[in-house]
Amino acid sequence: MIQKILRTASLQRRLLLGLIVPLLLIMPAIAMIQYWLIVTPAKLEIDRQLGDDAIAVSGFIHAKGNHVEFSINPQAKSLLLTDQSDREFFLVTDPEGRVLGGDPSLLDPRVQLAAGEWRYLDHQVDGHWLRMLIYGITCGPGICQVRIGETWVKRHRIKDEALFATAAFSLFFGVMTMVVMILAVQSGLRKISELSEDMARQSPERLSVLDDKKVPSELQPMIHSWNLLLERLHVAHQTQKNFIADVAHQIRTPLTSLQMEVELLLLEPSPPALREKFENINRSANRITHLAAQLLSLARVENNMNSAMRWLPVDLRDVAIRTLEEWSPRALSVGIDLGFELQSAPIVGQQFLLIEGLANVIHNAFLYAGPGCVVTVRSQHSGSECVLSVEDNGPGIPFEERARVCQRFYRGAISSGEGSGLGLAIVSDIVRLHRGQLRIEDAPSGRGVVFILSFPCAESPDASVHHV
Ligand SMILES: Nc1ncnc2c1ncn2[C@@H]1O[C@H](COP(=O)(O)OP(=O)(O)OP(=O)(O)O)[C@@H](O)[C@H]1O
Ligand SMILES: [Mg+2]
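Counting from 0, one number per residue, gives the positions in the sequence shown under numbering that gives the first Met the number 0.
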């Protein structure tokens, strides 16, 4: 379970878990060592003071031959045994263990000491714990004992203060360390997220190698392999596109001659059954010729996407006029009312590609709106947006289908048998190449559809960026 969580957790979470969990485990040990380092010397110092008191008290023991006596005046006694926090007691015994002076409650425990020997112990007297020092001193024929007992108030206070200091330090240290760890991990991983953003920006049309100098050395082999893969992909993609363009180009000549032959045959008198077959062949040849033309057109746009295109000032009004010159005679012949409202709309780009894009949209309007309909072509300049639009009053495109009509080879329910489903894909590539947008909306009149190709105008800052 934990392994599964770790496997799927983000790298950041794994690193943080790997750092913070051991830190949390080590922190109590560090705190205990720190506590011990504060308390132990302080306790030793207090014990040493007991020792000083014992030596001072022993100075009041006097031995005359075998006779040992102890006398201390009250001033010396209070001077020796007065402490701000604790109560101190003393006891002096002769070599036989008889009390010479002080507090007899300190008589227990009985211990044997050599001369000059110290012994510290914790002992309970009348229900109170005392820190006790027993000191052996030569007096007359034997060894007298001086006992100093002290309550635990100072010791408790030192422990409390040490505990507080340790807890406060551990908290501060722990929190600061975690913050530093999180910041360090985040900054270390930022390179990875920048890298994944660079990778996400790649598209089959625009594969650019990643700069392995900008990444940490651990990631450089991965970037190197990625770049090699990109190069192979690029070559494969290019080969595939060239192949399609070559095939389209190669089949155009035999197709044209096939079409001519069939058209010539159709001019000759022939039996009705044979004539129907010729017409079928003619229709199929037309479709394949159209498909080859569309594939070539797509290859042309894609080539411009990959190579550095020459960007020139283009007026969308000129694009519309040039396209309409070709389409007006056709409109007359198929009974379509082709109108235009043209305004100057300067952009930067490639005129022949824009004409190709507009022609595809007008062709669709002719085809799908059908004879007798009204098609209006507009070029407009509003703010920083320059627009080419084609409106028709045909059946329109259902809202849910609009996202799909720009996909390659997608053909809607109303499409006739002629098309290849590439027209709007070509248009959307051309628009994208010019940093524009293709929008499909309901015609304002309520019937039909309007295709809006909008581009940044030549003077707007967006237009000066010449790469897709
Ligand atoms: N003006 C329009 N009115 C209604 N439907 C349209 C219109 N323009 C496009 N469509 C729908 O969008 C589909 C995709 O159009 P697109 O131009 O990409 O392909 P096509 O016209 O079928 O084939 P091609 O353009 O390659 O000859 C069409 O099949 C059609 O269903
Ligand atoms: Mg089309």
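Glycine is no exception: its CB is placed at the ideal position from the N, C-alpha and C atoms.
Predicted model, so just to flag it, every value in this text is computed and none were measured.
Residue range of the unbroken alpha helix (DSSP H) whose run includes residue i
| i | result |
| --- | --- |
| T322 | 315-333 |
| H362 | 350-363 |
| S427 | 422-432 |
Ligand 1 heavy atom lying under 7 angstroms from the CB of residue i
| i | result |
| --- | --- |
| Q293 | yes |
| A424 | yes |
| V376 | no |
| I396 | yes |
| I451 | no |
| V468 | The requested residue 468 is not part of the displayed model; the chain covers only 0 to 467. |
| A368 | yes |
| S296 | no |
| S414 | yes |
| G334 | no |
| L421 | yes |
| H289 | yes |
| V300 | no |
| R410 | yes |
| V179 | no |
| V373 | no |
| V448 | yes |
| V430 | no |
| V404 | yes |
Collapsed DSSP secondary structure at residue i in the structure displayed
| i | result |
| --- | --- |
| V214 | coil |
| H233 | helix |
| W225 | helix |
| W35 | helix |
| D51 | helix |
| I451 | strand |
| E417 | coil |
| A247 | helix |
| A344 | coil |
| E390 | strand |
| P140 | coil |
| F69 | strand |
| Q74 | helix |
| L162 | helix |
| P312 | strand |
| R438 | strand |
| H465 | Reliability of the predicted coordinates at H465 is poor, the pLDDT of 40 falling under 50, and the value obtained from them is presented with this limitation in mind. The answer is coil: DSSP assigns H465 none of H, G, I, E or B. |
| S256 | helix |
| S9 | coil |
| S269 | coil |
| I396 | coil |
| V174 | helix |
| R446 | coil |
| D46 | helix |
| P108 | coil |
| Q406 | coil |
Burial state of residue i, where buried means 16 or more other Cβ atoms lie within 10 Å
| i | result |
| --- | --- |
| L49 | buried |
| D52 | buried |
| P220 | exposed |
| Q349 | buried |
| Q144 | buried |
| H466 | With a pLDDT of only 34 at H466, under the threshold of 50, the placement of this residue in the model should not be trusted, and no figure is reported. |
| G17 | exposed |
| R329 | exposed |
| N392 | buried |
| Q293 | buried |
| W326 | buried |
Distance cut-off 7 angstroms: residue i Cβ against heavy atoms of ligand 2
| i | result |
| --- | --- |
| H362 | yes |
| G393 | no |
| G418 | yes |
| N359 | yes |
Endpoints, the beta strand (DSSP E) within which residue i is located
| i | result |
| --- | --- |
| D121 | 117-124 |
| D85 | Where D85 is concerned, there is no enclosing beta strand (DSSP E), given that its DSSP letter is neither H nor E. |
Bridge-paired residues (DSSP) for residue i
| i | result |
| --- | --- |
| Y134 | W117, V145 |
| G338 | T375 |
| V91 | G100, V145 |
| H380 | C385 |
| W128 | Q123 |
| I60 | F69 |
8 angstroms Cβ cutoff, residue i in contact with chain C
| i | result |
| --- | --- |
| S186 | In summary, chain C is missing from the structure at hand, where a single protein chain is found. |
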